[in-house]
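Trainee: Take the sequence shown: its letter number 43 is residue 1051 in this note's numbering, and every next letter is one higher. Structure in structure tokens, see below.
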Amino acid sequence: MSDLQEHTVAQLAEIAEPGALEFSVGDGDWPFRGVVVRWQGEVRAYENVCPHAGHSLNLVPTGFFTPDYTQLI
């Protein structure tokens, strides 16, 4: 059985279109770090970690998008 919990991390108006908001849930050494993305009319949440390298996804100045905001990084 899952212990999945629901958390409000932002109001929709706080996230630009296109845009993203980084968040963390939990205390201590290992909080969950995520990102809510508003892009192409949809809102989605992701874990903010690269599955290949293990670092955050927003290492570039434009955050989670390519400079022209046409692709998620």
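All C-beta atoms, glycine included, are put in the ideal place defined by N, C-alpha and C.
#1: Give the DSSP-derived three-state secondary structure of E1025 in the structure shown.
#2: Using beta-carbon positions only, say whether N1056 and V1043 come within less than 9 Å of one another.
#3: Extract the residue ranges of the beta strand (DSSP E) inside the segment 1018-1065, only unbroken runs of 3 or more that lie entirely within it.
#4: How would you call V1045, buried or exposed, if buried means at least 16 neighbouring beta carbons within 10 angstroms?
#5: At a Cβ threshold of 9 Å, is E1025 touching chain C?
#6: For L1029, which residues from the same chain have a beta carbon less than 6 Å from its beta carbon, with the 5 sequence-adjacent residues on both sides left out?
#7: Nearest-angstrom Cα distance between G1034 and Q1013?
Mentor: According to the data block:
#1: Mapped onto the sequence shown, residue 1025 falls at position 17. E1025 falls in the coil class under three-state DSSP.
#2: As a position in the sequence shown, residue 1056 is number 48, starting the count at 1. As a position in the sequence shown, residue 1043 is number 35, starting the count at 1. Yes, they are a contact pair.
#3: 1027-1033, 1040-1047, 1050-1055
#4: For the purposes of this step, residue 1045 is identified with residue 37 of the sequence shown, where counting begins at 1. With 16 or more Cβ atoms within 10 Å of its Cβ, V1045 is classed as buried.
#5: No chain C is part of this structure, which consists of one protein chain only.
#6: By one-based count along the sequence shown, residue 1029 stands at place 21. Only A1018, I1023, V1044 meet the Cβ criterion.
#7: One-based indexing of the sequence shown puts residue 1034 at position 26. One-based indexing of the sequence shown puts residue 1013 at position 5. Between G1034 and Q1013, the C-alpha separation is close to 11 Å.
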